[in-house]
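Every number in the working numbering is 1272 more than the matching position in the sequence shown, counting from 1. All residues carry an ideal CB built from backbone N, CA and C; glycine is no exception. Keep in mind it's a predicted model, so treat the numbers as computed, not measured. Working notes for the structure below.
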Amino acid sequence: MAQLGILCIAVLGKQGNPLFLQSFSSRRGGQEDLKWHYAAHTALDFFDERELPAAKTTESYLGLLYAMEDYAVYGYQTNTRIKFVVALALADAVIRDVDVKTIFRGIHTAYIAHISNPFTFAENDNPAVLAAPIRSRKFTRAMDDIAGKSSVEDESALL
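In structure tokens:
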């Protein structure tokens, strides 16, 4: 697989709450981190459009959701309505769907491994109760491996 410039990986819950968001951009902190929260929440509109009754599909990979001047946002939704969002740097190289699907497959596999842990509380169907954010070192390392980078986050904050 060609190395794609992953700028951000986000995992969003059923109600759109952020379960995990990690930036792999060279610029971090303040407004830059807020930019990726904005990108992930903007992607929710595209997920909602695809959930309309007229747009029934069995495909989990939603493809390109939208593009900005310096990045493109891709989406994937599990059958349990957990959403994965990846922001890729726009470069001169062609971004192939096969490569993006491979990234999402890795994220989904890591998420399944995280949820399969008996000490992890999965999101329930009660809309009044939001799932807790993912604070697993193993999950964070898996996202680092997928992005091919190491995050600069303080590991002591992760449980």
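- As DSSP reads the structure, Q1349 sits in a beta bridge with K1355.
- Linking D1317 to E1323 through their CA atoms gives a straight-line distance of about 10 angstroms.
- Excluding the 5 residues flanking it on each side, G1277 has same chain C-beta neighbours closer than 8 angstroms at L1360, A1361 and A1363, in chain order.
- Counting along the chain, the unbroken alpha helix (DSSP H) around A1419 starts and ends at R1409 to A1419.
- DSSP lists Q1294 and V1358 as the beta-bridge partner residues of I1281.
- Between L1337 and A1315, the C-beta gap is smaller than 7 angstroms, which places the two residues in contact.
- Excluding residues up to 5 positions away in sequence, L1284, F1319 and Q1349 lie with their Cβ nearer than 6 angstroms to the Cβ of K1355 in the same chain.
- Of the residues A1385, E1321 and F1393, the one whose Cα lies closest to the Cα of T1412 is A1385.
- A residue is called buried once 16 or more other Cβ atoms fall within 10 Å of its Cβ, and M1415 is buried on that count.
- Minimum Cα-Cα distance from T1374 among the listed residues F1391, N1289, R1353 and G1347 corresponds to G1347.
- Scanning S1298, A1403 and A1344 for the CA closest to the CA of D1369 turns up A1344.
- Closest in alpha carbon position to K1421, among V1357, S1297 and F1292, is S1297.
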